[in-house]
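Residue numbers (our numbering), protein chains in the order written: chain A, 16 to 127; chain B, 300 to 411.
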């Protein structure tokens, strides 16, 4: 089974602080994605990547940056965290555009 | 913006019963539909994908796609308490990007 590991599992941040969420996959997948999950909104795409060095904006990129320094690692960065960014964040990877998406276990972020 | 509408929001069935979940695309230019399942505290996991009209069966799960009506359904026969979860439908509109658009989900409860 494909493995996607997210860290931390839980994070409490202060408004205006910088937050970095990390994701590692050992599947050698080219595509990686960051989603957030809020009650009533399902999963919404923030940023995605086709490989090392590439990042693309998803449907709700405002207030977020992404970094893909290697095939295995994909980070989501909140430079100035706001309470509206309190959510559960999921990282996922896939071998290609039409292939199965494998999700991590999520990071619960609370911004106070 | 392309959207995926799921119904019902929640569903309760007795153990051994049939659960039927529905999903409709706002745009007829979808390439694939996916069904994902998420148990509490975990990341979503793929159940199956479908891209041709008709039925696709995997064990107790059957997906049915009607392209003309932009509608896909998931039927779970012989439902088990372990099937209790949040079910997402997701549409792939662009095979170049691999971006999935998720619905808001259906909460399925299977009562022993």
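All C-beta atoms in this analysis are idealised placements derived from N, C-alpha and C, irrespective of residue type, glycine included.
For residue 39(A), the closest C-alpha among the options 32(A), 26(A), 22(A) and 124(A) is that of 22(A). Chain B has a Cβ within less than 8 angstroms of the Cβ of residue 46(A).
The bridge partners DSSP lists for residue 125(A) are 27(A). Using a Cβ-Cβ cut-off of 7 angstroms, residue 396(B) is close to 112 of chain A, given in chain order. About 5 angstroms separates the beta carbons of residue 383(B) and residue 409(B), which is inside the 8 angstroms limit, making them a contact pair. Scanning chain A for C-beta atoms nearer than 7 angstroms to the C-beta of residue 401(B) yields 57 and 58, reported in chain order.
Of all residues in the region 74 to 102 of chain A, only 74 come within less than 8 angstroms of chain B when Cβ atoms are compared, listed by chain position.
Chain order gives the chain B residues near residue 63(A) as 396, 397 and 398, where near means a beta carbon separation below 8 angstroms.
Residue pairing by DSSP places residue 56(A) in no beta bridge whatsoever.
Residue environment analysis places residue 403(B) among the buried positions, since at least 16 neighbouring C-beta atoms fall within 10 angstroms of its C-beta. Within the region 323 to 358 of chain B, the complete beta strand (DSSP E) runs of at least 3 residues fall at 331 to 337, 344 to 349 and 353 to 357.
Residue environment for residue 95(A): exposed (fewer than 16 other C-beta atoms within 10 angstroms of its C-beta). Listed in chain order, the non-local C-beta contacts of residue 352(B) below 6 angstroms within the same chain comprise 364 and 366, local neighbours out to five positions each way being set aside. Straight across, the Cα-Cα distance linking residue 110(A) with residue 65(A) is about 10 angstroms. Separation of the CB atoms of residue 122(A) and residue 36(A) is rounded to 5 angstroms, and the pair is thereby assigned contact status at 8 angstroms.
In this structure, residue 62(A) lies near residue 79(A), with their beta-carbon atoms less than 8 angstroms apart.
In the DSSP assignment, residue 51(A) is bridged to 59(A) and 104(A).
Closest in alpha carbon position to residue 118(A), among 126(A), 125(A), 105(A) and 127(A), is 105(A). When DSSP states are grouped into helix, strand and coil, residue 99(A) belongs to the helix group. The C-beta of residue 52(A) has 16 or more other C-beta atoms within 10 Å across all chains shown, which makes the residue buried. Its chain contains 59 and 60 as the residues whose beta carbon lies nearer than 7 angstroms to that of residue 74(A), once the 5 sequence neighbours on both sides are disregarded; these appear in chain order.
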